[in-house]
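Number of protein chains: 2
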Amino acid sequence: MTLALTRADALRADLVLALPEGTVLTAPESREAYRHDEAEWAPSALPAAVVRPTSAEQVRDVVRVCLEHGAPVVARGAGTGLSGGANAVEGCVVVSFERMDAIVEVNTLERYAVVQPGVVNDDLRAAVAGQGLWYPPDPASSPWSTIGGNVATNAGGVCCVKYGVTRDYVLELQVVTGTGELVRVGRRTAKGVAGYDLAGLLVGSEGTLGIVTEVTVRLRPARPAEHTVVGYFGSLVAAGEAVAAVAATGVVPSALELLDQHCLAAVDEWKNMGLRADAVAILLARVDAPGSAGEAEADAVLAAFESAGASWAARSDDPQDADALFSARRLAYPALERLGPVLTEDVCVPVGAVPAMLARVEEIGRRHDVLVATIAHAGDGNLHPLLITPPGDDAARERAQRAFAEIMTAALDLGGPVTGEHGVGLLKRDGLEAELDPVVTEMHRALRRALDPHGILNPGKVVA
Amino acid sequence: MTLALTRADALRADLVLALPEGTVLTAPESREAYRHDEAEWAPSALPAAVVRPTSAEQVRDVVRVCLEHGAPVVARGAGTGLSGGANAVEGCVVVSFERMDAIVEVNTLERYAVVQPGVVNDDLRAAVAGQGLWYPPDPASSPWSTIGGNVATNAGGVCCVKYGVTRDYVLELQVVTGTGELVRVGRRTAKGVAGYDLAGLLVGSEGTLGIVTEVTVRLRPARPAEHTVVGYFGSLVAAGEAVAAVAATGVVPSALELLDQHCLAAVDEWKNMGLRADAVAILLARVDAPGSAGEAEADAVLAAFESAGASWAARSDDPQDADALFSARRLAYPALERLGPVLTEDVCVPVGAVPAMLARVEEIGRRHDVLVATIAHAGDGNLHPLLITPPGDDAARERAQRAFAEIMTAALDLGGPVTGEHGVGLLKRDGLEAELDPVVTEMHRALRRALDPHGILNPGKVVA
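Going line by line, the protein sequences match chains Y and G.
If you're matching positions, the first sequence starts at 1 in this note's numbering and goes up one per residue.
If you're matching positions, the second sequence starts at 1 in this note's numbering and goes up one per residue.
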């Protein structure tokens with residue numbers, strides 16, 4: 001114990017020496033706040049130190065000190081992750097990017113933005129919108145989560161169904177390598193095949209292959225106004241069938257979200273938004289083709305909802321109404337958290353398997369006696385069953401954990417990955433091992449040893 | 001010499017034993033045809049053997065035999081590559097995918113196709129078009145090049161400027177690893193973050209990290225008809241300025257191609273298409289927003305051409321006229337090859353730097369007394385200066401090679417990569433080394449050692 005204390009003290013002392021005053025948090029009560037992300041059910045430890053650098057060079061210096069001490073480095077954005085990717089591990093240094101939140105450049109001609117990792121997603125979106133540009137990736141956490149965290153997890157969101165995920169927008173990264181070097185990978189031009197796609201590999205690697213210190217993201221021109229279509233359904237499975245019906249129309253919606261009755265009730269109780277609670281599930285669709293083509297898309301989605309047996313469906317051309325519905329979707333997670341600890345699932349299945357997967361989720365919840373509320377990016381088959389347990393009920397918590405594992409197995413059975421957008425972190429490590437061929441797991445380990453030869457980058461995450 | 005022969009003979013004997021009759025080509029005259037791709041100026045060797053497998057399992061067996069013999073394996077699609085990525089190396093086995101050309105599945109609901117690597121790009125496009133779907137990547141070689149080769153080089157094309165490159169469409173790959181295992185990486189669902197992006201890493205790795213035996217590509221719904229806008233310009237630089245003017249409008253064209261007078265003259269002389277030769281450069285633009293939005297986009301591009309000083313510009317709403325112009329673009333390369341050996345450049349610069357880069361290319365050609373004809377995917381800054389030399393003129397060839405190297409340096413100066421879409425292969429190896437930080441080059445080597453621990457996968461390509 002004395003030895004462990006001594007090692008942590010020596011690490012802290014070297015960090016304090018290497019970095020400007022105020023950069024290193026050493027007090028236990030300060031460090032405690034950086035123990036875990038939103039995956040509080042996953043294991044975590046009190047970090048040995050927390051650093052809040054203000055430059056890429058400082059991050060490099062932190063990694064060099066950690067290399068000398070053999071100490072793990074855990075990078076952390078806003079801590080909104082749901083898989084434990086930013087959970088601290090024994091003896092680690094947490095690198096928090098909260099003070100690296102500058103938008104360095106917005107280039108309107110080349111349509112890219114250069115940002116520090118700590119920039120909040122919504123802040124970037126607002127900054128570029130002011131210049132007629134658009135950064136599409138929009139995770140539900142966008143008011144809080146940072147671009148660095150979005151890059152680490154390859155975050156998705158509502159408009160991914162048409163516009164893709166974070167990786168599709170990352171052009172160039174500045175990175176501190178596992179050997180303590182500061183380098184750039186990728187490019188800022190529209191195209192380029194000079195060497196391996198290291199930038200793409202780092203996106204979604206959850207801090208295990210390098211620590212991102214600057215991100216250049218591709219932007220799109222601002223897009224036309226969206227049309228919203230809402231459908232109410234008498235069962236989750238009917239809503240799932242409507243999703244497949246939309247896909248069959250050939251229209252690619254710019255959003256196609258599902259909320260079940262539990263989500264609607266929780267949001268309404270919290271925010272008193274006057275949401276109709278007489279449906280088992282609702283679908284919220286948006287389309288954004290310009291002009292009359294957008295009208296035609298909205299009509300096609302409406303017809304698909306009706307053909308799949310919607311109890312009520314309509315176009316909502318009042319932007320305020322439409323925004324309220326999408327706010328409800330965004331508020332579903334915090335609203336449900338008010339009911340008790342939530343274990344958040346994140347699986348993806350083929351669009352045609354959405355009805356079957358929703359039926360499996362219902363059955364699993366019933367069998368394990370766990371309240372399951374489901375939100376879904378239904379249009380791309382990405383489901384978030386939320387397992388809610390009464391506060392302090394350990395038995396319910398264990399049942400929820402069993403249900404969580406079974407939902408992953410069900411997704412694998414139906415041809416999907418065990419995580420659609422939240423990442424592997426700690427909570428999905430067993431699922432990943434079940435999903436991958438052992439040879440492919442070994443390829444992951446080999447890549448990791450190649451880029452992190454000293455094993456200091458977020459050890460224990462993604463693959464053991 | 002006797003020893004070398006003996007080793008090659010033993011390798012051939014083991015291949016013949018491991019594979020069905022007719023799969024292994026051993027006669028020198030048969031092997032000669034597989035010596036190099038279209039980069040005939042790059043070094044090549046007579047392969048020790050050529051295999052033409054009909055299944056992924058046979059490819060795996062080839063790799064296993066090569067592992068036993070320590071023999072290099074060079075994968076080859078149609079051989080239309082322009083950087084030497086498929087050039088045979090001393091003692092190697094060339095794996096030609098010409099007999100693995102089946103379209104295994106087209107899934108209209110999930111919008112993907114599963115194909116063997118030897119499927120020709122245009123054949124895939126035609127097959128899915130019959131089902132209302134679209135595979136966007138359209139390299140100029142699309143009538144001949146194969147999906148396997150497109151994946152190996154992360155091929156681009158005309159519509160990339162709006163729709164992205166091959167990597168953006170690859171969902172899942174079946175691969176034979178450097179250790180002779182047959183695995184799948186990636187996924188078929190719309191989203192997924194389960195583990196590292198191995199599929200994306202393999203795309204563009206030119207057969208150095210694994211050998212692709214099956215590809216699942218994402219498809220889009222068929223799109224609306226395009227509008228074509230043509231502009232004639234009195235100088236290359238004026239055409240380059242029109243490209244930047246289009247970018248500034250906020251319209252994302254579905255094609256924005258540049259051809260200079262040498263290309264136009266060569267195509268017209270060959271095909272007698274009646275192309276106007278009274279311009280130094282022409283721009284061919286297409287836009288594809290639906291309905292009246294498409295009309296507005298076409299008008300905006302036309303206005304941009306005119307504002308940049310086009311000597312003549314017009315919308316071409318006759319599809320036959322428009323197709324003729326785009327055929328001319330596609331025919332430019334073979335038309336120029338009729339004039340003498342062509343060394344094909346492929347660099348990318350920021351869109352705003354296109355005028356400057358075109359000026360640099362002209363200056364370099366003049367200084368080295370080399371005829372340079374330029375085709376460009378101008379809208380994404382991807383330029384193909386074609387260096388044409390008189391047949392049998394070795395001095396001209398050396399001058400062209402010096403110009404080739406200087407064009408790469410100019411692209412690096414202007415912030416671009418040394419290859420936009422053709423790949424590194426052999427011709428761009430020095431350029432890649434100049435482009436990358438030595439630490440990043442070492443990361444490439446580390447990744448390569450991780451996935452090809454025995455060094456048998458296309459050795460000497462990409463990075464030495």
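Idealized CB from N, CA, C, for every residue including glycine.
Could you say which of the options lies nearest to residue i if we only look at CA atoms?
i        : options                                : result
Y:Thr177 : G:His454, G:Leu451, G:Asp437           : G:Asp437
Y:Val347 : Y:Ala222, Y:Asp268, Y:Leu432           : Y:Leu432
Y:Ala266 : Y:Leu371, Y:Pro417, Y:Pro453, Y:Arg31  : Y:Leu371
G:Asp288 : G:Val229, G:Gly91, G:Phe404            : G:Val229
Y:Arg445 : G:Lys191, G:Leu198, G:Val170           : G:Leu198
Y:Gly425 : Y:Leu256, Y:Glu345, Y:Trp312           : Y:Glu345
Y:Leu182 : Y:Leu264, Y:Glu57, Y:Ala281            : Y:Glu57
G:Leu82  : G:Glu241, G:Pro221, G:Gly420           : G:Gly420
Y:Val62  : Y:Thr23, Y:Val203, Y:Gly460            : Y:Thr23
Y:Tyr169 : Y:Leu124, Y:Tyr196, Y:Gly130, Y:Ala194 : Y:Leu124
Y:Asp452 : Y:Arg35, Y:Ser44, Y:Leu202, Y:Leu46    : Y:Leu202
Y:Leu46  : Y:Arg64, Y:Leu325, Y:Leu414, Y:Pro72   : Y:Pro72
Y:Ala239 : Y:His262, Y:Gly130, Y:Ala279, Y:Gly423 : Y:Ala279
Considering only DSSP beta bridges, list what residue i is partnered with.
i        : result
G:Trp465 : Since the first residue shown for chain G is 1 and the last is 464, residue 465 of chain G is missing from the structure and cannot be characterised.
G:Ser316 : G:Thr228
G:His377 : G:Asn382
Y:Val342 : Y:Ile388
Y:Leu371 : Y:Ile388
G:Val354 : DSSP, once it has assigned bridges, lists no residue as partnering G:Val354.
G:Val349 : G:Val349 is not bridged to any residue.
Y:Val24  : Y:Val51
Y:Leu133 : Y:Pro221
Buried or exposed: which applies to residue i, given that a residue is buried once 16 or more other Cβ atoms fall within 10 Å of its Cβ?
i        : result
G:Pro143 : exposed
G:Asp138 : buried
Y:Asn154 : buried
G:Met1   : Caution is warranted here: a pLDDT of 49 is assigned to G:Met1, below 50, making its placement in the model unreliable, and no coordinate value can be reported.
Y:Pro391 : exposed
G:Gly274 : exposed
G:Asn121 : buried
Y:Gly132 : exposed
G:Leu11  : buried
Y:Ser30  : exposed
Y:Leu327 : It should be noted that the sequence gives Ser, not Leu, for residue 327 of chain Y. Flag for Y:Ser327 reads exposed.
G:Glu105 : exposed
Y:Pro319 : exposed
Y:Arg429 : buried
Y:Leu17  : exposed
Y:Asp14  : buried
G:Arg60  : buried
G:Glu21  : exposed
Y:Ser141 : buried
Fully enclosed by the region 39-123 of chain Y, which beta strand (DSSP E) runs are 3 residues long or longer?
49-51, 73-76, 93-96, 103-107, 112-115
Curious, which full-length beta strand (DSSP E) runs of at least 3 residues does the region 158-193 of chain G contain?
170-176, 182-186
Uninterrupted alpha helix (DSSP H) stretches inside the region 201-288 of chain G (no shorter than 4 residues):
236-249, 261-271
Segment contact flag, the region 207-217 of chain G with the region 286-305 of chain G, C-beta cutoff 8 Å, min 3 pairs
no
Determine contact between the region 353-370 of chain G and the region 108-115 of chain G, defined as no fewer than three beta-carbon pairs at a distance below 8 Å.
no
Counting pairs of Cβ atoms below 8 Å between the region 49-59 of chain Y and the region 85-95 of chain Y, do you hit three or more?
yes
At which residue ranges does the region 383-464 of chain Y contain complete alpha helix (DSSP H) runs of 4 or more residues, listed in the order of the chain?
394-413, 429-435, 438-451
Does the region 375-388 of chain Y touch the region 399-407 of chain Y, meaning 3 or more C-beta pairs lie closer than 8 Å?
yes
Given 8 Å as the limit, is there contact between the region 245-261 of chain Y and the region 149-164 of chain Y, that is, 3 or more CB pairs closer than that?
yes
May I ask you to verify whether the region 325-342 of chain G touches the region 217-224 of chain G, counting CB pairs closer than 8 Å and requiring at least 3?
no
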